[in-house]
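Residue numbers (the working numbering): 4 to 318.
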């Protein structure tokens, strides 16, 4: 438990500094916080998932990696987003938010179709990487358009806010960014190790472990980042981090795994359907509450989805 607490503390500090740096980055380069959170924060908070994927490759255990990928996606959209909604006031943006939600829906459908197909692992990996590159290029294009229109006032406010703060040399900011990523890596690794040790004592299979305990523990960076962003009323960061995290979970990490193994790693159809249903629920919320605050009742509904997932995955 001591190591678990240390890991959580490292994640909390790293997430806080990471958010500060990303806000300054967004203002300096006049880029929408949604794009910054979707790409940079989304990838940065996914470092623990990358650790699990690499570990699964070394142990020739694709079940753990795929279980963690699916579990992390479900945890992000139900537990993490649900907690953010219940504990605060999440206002959903317009236009780019909904377009990115559809991109996430497409990535989810592609992942499920490929994992149920007879296509070789190599070509599945290639298709997933191409889809990821296409999604990132599309998000960048949306950000460029948004800078001239819908994000213009938001970026102006960010620039004014950043001008009031004390600024540090660029080399110091780069060092801080590297330390933050290292903190997310080691903090996530400590938490994952502590949780997996507990699961071994309970004698839980690696696939179930990946779907539940490992998925929850590797989602800690997302949870910490989003709760901090919610406290700062950075709603675009909340939504962008979740969408970006899941896009990388469903494209980059499976591709790394598929390039390294010829094992199919068959996934239970029930888990894939739960992933699809959870993503649909998340996308529904983003469209239903366009330009409005998500109700606490809806947040409770998302938490119930997580509890149902945890129950069905364990029993």
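Glycine included, every Cβ here is placed at the ideal spot set by N, Cα and C.
Measure from the alpha carbon of residue 53 to the alpha carbon of each residue in 263, 256 and 276, then state which is nearest. The residue labelled residue 53 in the question sits at position 50 within the chain shown. Nearest C-alpha to residue 53: 256.
Residue 193 beta carbon less than 8 Å from that of residue 9: In the chain shown, the residue the question calls residue 9 occupies position 6. In the chain shown, the residue the question calls residue 193 occupies position 190. Yes.
If I'm right that residue 229 touches residue 87 with Cβ under 8 Å, what's the distance once you round it to whole angstroms? Numbered from 1 along the chain shown, position 226 holds the residue referred to as residue 229. Numbered from 1 along the chain shown, position 84 holds the residue referred to as residue 87. So it is a contact: roughly 5 Å between Cβ atoms.
Buried or exposed for residue 47, going by 16 or more other Cβ atoms inside 10 Å? Within the chain shown, residue 47 is the residue found at index 44, counting from 1. Buried.
Can you tell me which of 12, 147 and 69 puts its alpha carbon nearest to the alpha carbon of residue 271? On the chain shown, residue 271 is found 268 positions in, with the first residue counted as 1. Cα-wise, what sits closest to residue 271 is 69.
Contact check, residue 312 vs residue 72, beta carbons under 8 Å: Within the chain shown, numbered from 1, the residue matching residue 312 stands at position 309. Within the chain shown, numbered from 1, the residue matching residue 72 stands at position 69. For residue 312 and residue 72, no; Cβs fall outside 8 Å.
Cα-Cα separation, residue 114 to residue 172: Stepping through the chain shown from its first residue, residue 114 is reached at position 111. Stepping through the chain shown from its first residue, residue 172 is reached at position 169. In a straight line, the C-alpha of residue 114 is about 42 Å away from that of residue 172.
Residue 165 versus residue 252: straight-line alpha-carbon distance, rounded: Working through the chain shown from its first residue, we reach residue 165 at position 162. Working through the chain shown from its first residue, we reach residue 252 at position 249. In this prediction, residue 165 has a pLDDT of 49, which is less than 50 and means its spatial position is unreliable; nothing more can be read from the coordinates.
Less than 6 Å between C-beta atoms, sequence neighbours within five positions excluded: which residues of the same chain meet that for residue 157? Position 154 of the chain shown, counting from 1, holds the residue named residue 157. Here the model assigns residue 157 a pLDDT of 49, short of 50, so the residue's position is not dependable, and the following value carries that caveat. Within its own chain, no residue has a Cβ closer than 6 Å to the Cβ of residue 157 once the five positions on either side in sequence are excluded.
Alpha carbon to alpha carbon, how far is residue 275 from residue 254? As a working note, residue 275 is residue 272 in the chain shown. As a working note, residue 254 is residue 251 in the chain shown. Roughly 15 Å between the two C-alpha positions.
Given a cut-off of 8 Å, decide if residue 119 and residue 290 are closer than it, judged by their beta-carbon atoms. Translated into positions along the chain shown, residue 290 becomes position 287. Translated into positions along the chain shown, residue 119 becomes position 116. Not a contact, by the Cβ cut-off of 8 Å.
For residue 293, which residues does DSSP report across the bridge? Here residue 293 corresponds to residue number 290 of the chain shown, with the count starting at 1. DSSP lists 95 as partners of residue 293.
Helix or strand or just coil, what does DSSP make of residue 224? Numbered from 1 along the chain shown, position 221 holds the residue referred to as residue 224. In the three-state DSSP reduction, residue 224 falls in the helix class (H, G or I).
Go ahead and label residue 277 buried or exposed: buried means 16 or more other beta carbons lie within 10 angstroms of its beta carbon, across all protein chains shown. Residue numbering aside, residue 277 sits at position 274 when the chain shown is read from its first letter. Counting Cβ neighbours within 10 Å, residue 277 comes out buried, since at least 16 surround it.
Name the two residues that bound the continuous alpha helix (DSSP H) containing residue 89. Sequence index remark: in the chain shown, residue 89 carries index 86 (1-based). Segment 84 to 90, the alpha helix (DSSP H) holding residue 89.
Rounded separation between residue 20 and residue 179 - CA only: In the chain shown, residue 20 corresponds to position 17, counting from 1. In the chain shown, residue 179 corresponds to position 176, counting from 1. Between residue 20 and residue 179, the C-alpha separation is close to 8 Å.
Judging by CA-CA distance, which residue of 145, 116 and 143 is the nearest neighbour of residue 131? Along the chain shown, read from residue 1 onward, the residue named residue 131 stands at position 128. Closest option to residue 131, Cα to Cα, is 116.
Given this structure, state the Cα-to-Cα distance separating residue 218 from residue 190, to the nearest angstrom. One-based indexing of the chain shown puts residue 218 at position 215. One-based indexing of the chain shown puts residue 190 at position 187. Distance between the alpha carbons of residue 218 and residue 190: 15 Å.
Report yes if the C-beta distance between residue 262 and residue 50 is below 8 Å; otherwise report no. Walking along the chain shown from the start, residue 262 turns up at place 259. Walking along the chain shown from the start, residue 50 turns up at place 47. Result no, Cβ atoms of residue 262 and residue 50 do not sit closer than 8 Å.
Locate the alpha helix (DSSP H) running through residue 248, then write down its first and last residues. As a working mapping, residue 248 is identified with position 245 in the chain shown. Run containing residue 248: 238 to 253, per the alpha helix (DSSP H) assignment.
CA nearest to the CA of residue 231, picked from 6, 81 and 92: Stepping through the chain shown from its first residue, residue 231 is reached at position 228. When each option's Cα is compared against that of residue 231, the closest is 92.
Among 203, 204, 147 and 227, the one whose alpha carbon lies nearest that of residue 186: Position 183 of the chain shown, counted from the start, is the residue given in the question as residue 186. With distances taken between Cα atoms, residue 186 lies closest to 227.
On a Cα-Cα basis, can you pick out the residue from 294, 81 and 63 that is closest to residue 308? Counting from one through the chain shown, the residue named residue 308 turns up at place 305. Among 294, 81 and 63, the Cα nearest to that of residue 308 belongs to 81.
How about residue 250 and residue 74: do their beta carbons lie closer than 8 Å? Sequence index remark: in the chain shown, residue 250 carries index 247 (1-based). Sequence index remark: in the chain shown, residue 74 carries index 71 (1-based). Cβ distance not < 8 Å, so residue 250 and residue 74 don't count as in contact.
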